[in-house]
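Written below as structure tokens is the structure these notes are about.
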Amino acid sequence: MKQTVTDILLQALVRAKEQGELKLETLPSIALETPKEKTHGDLATTLALTMAKSEGKPPRKIAEIIVKHLRDGGGLLEKTEIAGPGFINFFLKQDQWRQTLFDIENEGGQYGFPDIGKGEKVQVEFVSANPTGPLHVGHGRGAAVGDALSNLLSSVGYDVQREFYINDAGRQIRLLAQSLHARYQQALGHDVPFPEDGYHGSYVEEIVRNFIKLHNKKFLKVPFDECAGAFGDFGKEAMLADIRIDLDAFGVRFDSWFSEKGLLSDGSVQKSIAELKERGHLYEQDGALWLKSTAFGDDKDRVVVKKDGGYTYLATDIAYHRNKLGRGFTSLVNIWGADHHGYIPRVQAVIQAFGHPKDSLHVLLVQLVSILRHGQPVPMSKRAGTFVTLRDVVQEVGSDAARYIFLTRRSDSHLDFDLDVAKEQSRENPVYYVQYAHARLASLSREAESRNIKVPARDAVDVTLLELEEEQNIIKALAKYPEMIEEAALAYEPHRITYYLQDLAGLLHNYYFKHRVITEDAARTGAKLFLMKQVKTVIQGALKILGVNAPERM
RNA sequence: GCGCCCAUAGCUCAGCUGGAUAGAGCAACGGACUACGAAUCCGUAGGCCAGAGGUUCGAAUCCUCUUGGGCGCACCA
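So in the working numbering, the last spot in the first sequence is 557, and the numbers never skip.
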């Protein structure tokens, strides 16, 4: 619809040029928007305003010229008017709007998902928590955002892979091993000190209990350095199993679990470094090997191989991103905690050092989540082991509420997660507000069915009977859905879907409260049921992207 | 000290890559259940978009500075 109007405008411009009324040295890009104010029409363009300078004419004058040359072959437009300083407002014929109802009827769950990806391979890497402790709410937010984004991208035609990067190589795992070792000794009666910055959570003791069941006192007299691997591996596997359980309960599944350790053991790191050396992006200084990342906009160069011969974290990340690029993704999306933002220029430098454009990597930052109870923040400290886990939250408020609330903000803004609100079953809780709209519609169709009233088929419905203002509003909202989806996908902003849903649910509730759907008027009832059916389809599809259930009953 | 992000109603936040009179929810106040689900709806009030300059037909949006917050600045992971 938007495209058609754009075409009409373009043709008008061409005609105006032919008749010498406009200079049109460069063809302007035509931006159409939907005005907030209804009296400003259904679509509007600022074309005349933007052209004013290059044409050397007052914008209203230009608008008049354009409008004069408009030819609406398809009978799309009801009227066109010039307003304000030179806006051109288009009023569409009602049929145009109503057509969207048939579009939804025809396309069903596919409605609103244009194929913009065209099968391009995209990878979304998210959560990637260290397997040294349970997932906390911050990870949950990352999981919700990553999963919804993946759903969104794959719905618009991208071939999406979801990957979890396992940081299983470094000091963290060693620290976990030390913590386990200490608890192991303690559990078996040896009073050994607990490592200074070890993991204090009670889950460590639980892992140790399982360890003892398996190995008994086998490692009691073994020096730590000789059994670090055994403890580390056991701990890692236990934590990963735990993480999978939590993610599963949260409805998040990964296509791929990628181990950092593997990059070291299979020689990838060495190969990557060799390649960068060949490309001339590495140099030696002070006994260390540096990446010349400043060449790509980083504010300082970074060490890759330390003086002592050890690799930095960047070294494995170089290998990891080289590996990703080698898998043929045209676009990589990394979802990171916001505290890693300083790391972005470094990794983008890596991408470019391998000869890929900077923007083939998109880093989405996810801000921290503060948990509130009764409006008061719940204190969290990782050191003291008192952080709120994702498991706790999902158990308390449910997966739907948690996921939805995680997606009610832009990912890079702080989020206050109030447990009491999340459990509340009212308008204050956006999940219920939207789910209730869906359940209401389900209830409505049950009601219609019980009265033996059927939703009419597409060729048996008279949608011109949908004349009420509230019905128009709903239809327009439905027509805007594909646009919203496309924008959300291109901007990597799944939160837009929650806002859209709240808006649509609001329109539905408003309408539903004011007007009866099922009446004595059979034709009108049919048209309304048809409309309601399409609303339900859209709500259901949007919730599916978010990974939230669309209940038939609540 | 350098860099990144943020500042919008009392609170929590949207604001669609510069558009027309800045929007929701909560809280406050006042209303609506003899009909398909009141887990809902309607109304009122609430703003110098942190401040100051600039860019232009037009700025919450872009640029500069100031103030006030958050976070990064390792041969840690």
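Note that beta-carbon positions come from the ideal geometry of N, C-alpha and C, so glycine has one too.
Could you tell me how far apart the beta carbons of Arg186 and Val211 are, in whole angstroms, since I believe they sit closer than 8 Å? Translated into positions along the first sequence, residue 186 becomes position 183. Translated into positions along the first sequence, residue 211 becomes position 208. The pair is a contact, with the Cβ atoms about 4 Å apart (cut-off 8 Å).
Taking the CB atoms as reference points, tell me whether Val369 and Ser414 lie closer together than 8 Å. Translated into positions along the first sequence, residue 369 becomes position 366. Translated into positions along the first sequence, residue 414 becomes position 411. Cβ distance < 8 Å, so Val369 and Ser414 count as in contact.
Local conformation of Val272 per DSSP, three classes: Mapped onto the first sequence, residue 272 falls at position 269. Helix, per DSSP.
Is it the case that the Cβ atoms of Ala404 and Glu555 are separated by a distance below 8 Å? Looking up residue 404 in the first sequence gives position 401. Looking up residue 555 in the first sequence gives position 552. Not closer than 8 Å, so no.
What do you reckon, are the CB atoms on Ala480 and Leu447 nearer than 8 Å? As a first step, residue 480 is located in the first sequence; it is residue number 477 there, counting from the start. As a first step, residue 447 is located in the first sequence; it is residue number 444 there, counting from the start. No, the Cβ-Cβ distance between Ala480 and Leu447 is not below 8 Å.
Would a C-beta distance cut-off of 8 Å place Ile107 and Gln537 closer than the cut-off? Taking the first sequence and counting its residues from 1, one reaches residue 107 at position 104. Taking the first sequence and counting its residues from 1, one reaches residue 537 at position 534. The answer is yes: Cβ separation under 8 Å.
Arg349 and Leu317 closer than 8 Å at C-beta: Walking along the first sequence from the start, residue 349 turns up at place 346. Walking along the first sequence from the start, residue 317 turns up at place 314. In this structure, Arg349 lies near Leu317, with their beta-carbon atoms less than 8 Å apart.
In three-state DSSP terms, what is Phe420? Here residue 420 refers to the residue found at position 417 of the first sequence. The answer is strand: DSSP assigns Phe420 an E or B state.
Buried or exposed by the 16-neighbour rule on C-beta atoms within 10 Å, applied to Asp269: Within the first sequence, numbered from 1, the residue matching residue 269 stands at position 266. Exposed: under 16 other Cβ atoms inside 10 Å.
Please go through the same chain and pick out, in chain order, the residues whose beta-carbon is closer than 6 Å to the beta-carbon of Gly89, but skip the five residues on each side of it. In the first sequence, residue 89 corresponds to position 86, counting from 1. Answer for Gly89: Ala51, Leu52, Pro62, Arg63, Ala66, listed in chain order.
Tell me where the alpha helix (DSSP H) around Ser262 begins and ends. In the first sequence, residue 262 corresponds to position 259, counting from 1. Not the alpha helix (DSSP H): Ser262 falls in the beta strand (DSSP E), residues 259–262.
For Leu292 and Ala545, I'd like the C-alpha separation in whole angstroms. The count along the first sequence starts at 1 and reaches residue 292 at position 289. The count along the first sequence starts at 1 and reaches residue 545 at position 542. Put simply, the backbone Cα of Leu292 is about 49 Å away from that of Ala545.
Does the ligand MN have even one heavy atom less than 7 Å from the beta-carbon of Asp258? In the structure shown, the ligand MN is absent, as is every other ligand, since no ligand is present at all.
Who are Ala47's beta bridge partners in DSSP? Position 44 of the first sequence, counted from the start, is the residue given in the question as residue 47. Under DSSP, Ala47 forms a beta bridge with Glu36, Asn92.
What does the alpha-carbon distance come out to for the pair Glu486 and Asp258? Residue 486 sits at position 483 when you count from the first residue of the first sequence. Residue 258 sits at position 255 when you count from the first residue of the first sequence. Distance between the alpha carbons of Glu486 and Asp258: 29 Å.
Restricting to Cα atoms, I'd like to know which of Met535, Pro497, Val140, Tyr502 is closest to Tyr514. Looking up residue 514 in the first sequence gives position 511. That would be Met535, whose Cα lies nearest to the Cα of Tyr514.
Between the CA atoms of Leu25 and Gly87 - distance to the nearest angstrom: Within the first sequence, the letter at position 84 stands for residue 87. Within the first sequence, the letter at position 22 stands for residue 25. Answer to the nearest angstrom: the Cα atoms are 21 Å apart.
Considering only their Cβ atoms, is the gap separating Arg101 from Leu468 smaller than 8 Å? Here residue 468 refers to the residue found at position 465 when the first sequence is read from its first residue. Here residue 101 refers to the residue found at position 98 when the first sequence is read from its first residue. Contact flag unset, no.
Please determine, among His72, His324, Gly331, Phe214, the residue with the shortest C-alpha to C-alpha distance to Asn337. Counting from one through the first sequence, the residue named residue 337 turns up at place 334. Comparing Cα-Cα distances from Asn337 to each of His72, His324, Gly331, Phe214, the minimum goes to His324.
Residue environment, Gly550, which counts as buried when at least 16 other CB atoms sit within 10 Å: For the purposes of this step, residue 550 is taken as the residue at position 547 of the first sequence. Per the 10 Å Cβ criterion, buried.
Along the chain, where does the alpha helix (DSSP H) containing Tyr286 start, and where does it finish? Counting from 1 along the first sequence, the entry for residue 286 is found at position 283. Tyr286 -> not in any alpha helix (DSSP H); beta strand (DSSP E) instead, spanning 285–288.
Simplified DSSP assignment, three categories, for Asp162: Translated into the one-based positions of the first sequence, residue 162 becomes position 159. Asp162: strand per DSSP, three-state reduction.
In the DSSP assignment, the beta strand (DSSP E) including Glu81 goes from what residue to what residue? Taking the first residue of the first sequence as 1, we reach residue 81 at position 78. Note, Glu81: beta strand (DSSP E), 80–86.
What are the residues that DSSP puts in a beta bridge with Pro380? For the purposes of this step, residue 380 is taken as residue 377 along the first sequence, with counting starting at 1. Leu375.
Rounded to whole angstroms, what is the Cα-Cα separation between Leu191 and His139? As a working note, residue 191 is residue 188 in the first sequence. As a working note, residue 139 is residue 136 in the first sequence. Cα-Cα distance, rounded: 30 Å.
As assigned by DSSP and simplified to three states, the class of Ala536: The count along the first sequence starts at 1 and reaches residue 536 at position 533. Reading the sequence as shown, one finds Lys at residue 536 and not Ala. Residue state, collapsed to three classes: helix.
When DSSP labels each residue in this structure, what does Ile215 get in the three-state scheme? Numbered from its first residue, the first sequence carries residue 215 at position 212. Ile215 falls in the helix class under three-state DSSP.
Between Leu532 and Asn476, is the Cβ-Cβ spacing less than 8 Å? Along the first sequence, one-based indexing puts residue 532 at 529. Along the first sequence, one-based indexing puts residue 476 at 473. When the beta-carbon positions are compared, Leu532 and Asn476 stay at least 8 Å from each other.
Take Met54 as the anchor and find which of Leu493, Pro31, Ala47, Leu35 has the nearest alpha-carbon. The sequence position of residue 54 within the first sequence is 51, counting from 1. The option with the nearest alpha carbon to Met54 is Pro31.
Are the beta-carbon atoms belonging to Ile500 and Ile548 less than 8 Å from one another? Translated into positions along the first sequence, residue 500 becomes position 497. Translated into positions along the first sequence, residue 548 becomes position 545. Yes.
Residues near His518 by beta carbon distance below 7 Å, same chain, minus five either side: Walking along the first sequence from the start, residue 518 turns up at place 515. Only Leu471, Glu473 meet the Cβ criterion.
Taking one C-beta from the segment 124–138 and one from the segment 160–167 each time, how about it: are there three or more such pairs within less than 8 Å? yes
Return the chain-ordered list of same chain residues with a C-beta closer than 6 Å to the C-beta of Asn154, the five sequence neighbours on each side being excluded. Taking the first sequence and counting its residues from 1, the one referred to as residue 154 is at position 151. Cβ neighbours of Asn154 beyond the five flanking positions: Ile548.
Integer Cβ distance of Ile169 from Phe261, believed to fall under 8 Å: Start at 1 with the first residue of the first sequence, and residue 169 comes out as number 166. Start at 1 with the first residue of the first sequence, and residue 261 comes out as number 258. Indeed they touch by this definition, with Cβ atoms about 7 Å apart.
With distances taken Cα to Cα, identify the nearest neighbour of Pro137 among Phe516, Arg449, Ser429, Asp395. Start at 1 with the first residue of the first sequence, and residue 137 comes out as number 134. Minimum Cα distance to Pro137 is reached at Asp395.
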